[in-house]
Structure formats: C-alpha cells, structure tokens
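Chemist:
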Ligand code: ATP
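Residue numbers (my numbering): 90 to 295.
1. Could you tell me the boundaries of the beta strand (DSSP E) in which residue 131 lies?
2. Applying the criterion that 16 or more other CB atoms from any shown protein chain within 10 Å of the CB defines a buried residue, is residue 240 buried or exposed?
3. Does chain C have any CB closer than 9 Å to the CB of residue 256?
4. Please list, following the chain, all residues that have a C-beta closer than 5 Å to any non-hydrogen atom of the ligand ATP.
5. Looking at the structure shown, is residue 105 part of a helix, part of a strand, or coil, going by DSSP?
6. Grouping DSSP H, G and I as helix and E and B as strand, with all else coil, what is residue 285?
7. Is the CB-CB distance between residue 128 and residue 96 below 9 Å?
8. Could you check if residue 281 is buried or exposed, using at least 16 other CB atoms within 10 Å of its CB as the buried criterion?
9. Where does residue 202 sit, in a helix, a strand or coil, going by DSSP?
10. Over what stretch of residues does the alpha helix (DSSP H) that includes residue 222 continue unbroken?
11. Examine the ligand MG and report whether any of its heavy atoms sits within less than 8 Å of the Cβ of residue 273.
12. Starting from residue 121, trace the beta strand (DSSP E) both ways and give me its first and last residue.
13. Closest to residue 88 by CA distance: which of 133, 102 and 276 is it?
This is the structure we're talking about:
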C-alpha cells in the first residue's frame, strides 16, 4: 500500500461470504462509515463452506467481482482478496492481525450482523481477536435487542448500531435467483450485480 498508513486512524473490517453481496451489506458500511467516521473500510470475502441448499454457490472470483461492483460507490471502501488467497483455513483473527501490522496506530472496528455477534466467543482465537478490535453489531430481523445489549455489555468494548433491521439474507436471495424471480431479487441487489449474476448464470439449481 503506497499511501501514508499513519494518516489512517479508524479502520473497519467487514467479513462475510457475500454470496451474493446485497443491499443489507452496503447499508452496514454506509452506517458505520457515518457513525464511526472511518478512514478506510476493508471488505474481506471469506472462503466459502459448501452450501447444502441444492443451489450452486459462486466462486471466490465471482464474489470478489460482485463486491467490487457493489461497493464501488463508497470511496473509502477497499475489497480485499486476503482470505480467498491465503493458504489453508482463513480466520478473521489472521486478517485482523494482518491489518494491525499494516496500520499499527489505527483503531480497528469489526463490523458484523447480530448472528455473528452472538457467536463471537466461538470464533478462532476470539479472546485475542477482541484485544485487537472493537466488534460493532448491527441488528437483524427477529433479534432480541435485550440479548444483544447484554452481549455488548459482557464483551465490554463492543458497540451496537441501532438501525431498523432489514429482513434480507444471501440465503433468501439465492432462493429467489434459483427460482428466476428477478423482480423480487432486484429489490435486494445492486442492478449491476444482478446483471452479472444473470450473465454468468450464477445460483442456478445444481
Ligand atoms: P447467508 O444467508 O448466506 O448466511 P448473509 O446474508 O448472512 O448470508 P454474509 O455474507 O454471511 O451474508 O454476511 C456478512 C455479514 O453481514 C455478517 O456479519 C452478517 O451478519 C451481516 N449481514 C448480512 N445481512 C444482514 C442484514 N440484513 N442485516 C444486518 N447484518 C447483515
């Protein structure tokens, strides 16, 4: 990275499978950028475990490309292939350590939906991870906010951004795409991402 890393004081990491990336993901970045005053946000697509819903999953390259398209309007967002290209298993902990190495003086926020937030204790090296970054939780549909706030208190330095939940997931979108329900799918996808999916015939039934 050629820029002066010491000028970057607040960084967000946003991990996920992004299979496919949807408007709920972009909304998280927008809200976090505004509320936290981020200098940089790294979107890090993960290696994908096989799905069991009978619908084909997209390759790492396709997911990267869709993320690049979806986040192209956000000037501080950088889509990274770190986890996809790393040998062996790819953990969030390793990604955070890598970013901390590049930006030692920056505060690192780890953005996530409430499903990930509630399971954070089971992540690889979670205690070490929590020493390096601040988890930032966004609500999802059907959440019990009391439990989320309790979890944030238990973790100590966690943050909770209280946006009204948006009831959408990549799982639901894959179903819509497999049914060729383009009209419904387009409500949740960047139009260029939907065009890419259709052109490449992604998420058809296997
Ligand atoms: P899937 O249905 O395949 O599990 P997903 O929609 O949860 O996918 P991921 O790529 O797994 O998407 O999610 C990346 C991150 O975005 C996770 O932290 C997840 O909790 C969060 N997230 C995804 N959708 C939403 C949403 N609608 N509201 C809040 N957070 C979300």
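Glycine residues also receive a C-beta, built at the ideal position from the N, C-alpha and C atoms. Values in this document were obtained by computation on a predicted structure and should not be read as measured data.
Modeler: For this structure:
1. In the DSSP assignment, residue 131 falls within the unbroken beta strand (DSSP E) covering 129-134.
2. By the 10 Å Cβ count, residue 240 comes out buried.
3. Absent from the structure is chain C; it holds one protein chain and no more.
4. Applying a distance threshold of 5 Å between residue Cβ atoms and the heavy atoms of the ligand ATP selects 105, 106, 107, 113, 201, 202, 204, 205, 227, 229, 255, 257, 258, 259 and 260, given in chain order.
5. Residue state, collapsed to three classes: strand.
6. Residue 285 falls in the helix class under three-state DSSP.
7. Remark: C-beta atoms of residue 128 and residue 96 approach each other more closely than 9 Å.
8. With fewer than 16 neighbouring CB atoms inside 10 Å of its own CB, residue 281 falls in the exposed class.
9. Of the three classes helix, strand and coil, the one that applies to residue 202 here is strand, per DSSP.
10. Premise fails: residue 222 is in no alpha helix (DSSP H) and is neither H nor E.
11. Among the ligands present in this structure, namely the ligand ATP, the ligand MG is not found.
12. Counted as a single uninterrupted DSSP element, the stretch harbouring residue 121 is not any beta strand (DSSP E) but the alpha helix (DSSP H) occupying residues 112-125.
13. There is simply no residue 88 to check, as the chain begins at 90 and stops at 295 in what is shown.
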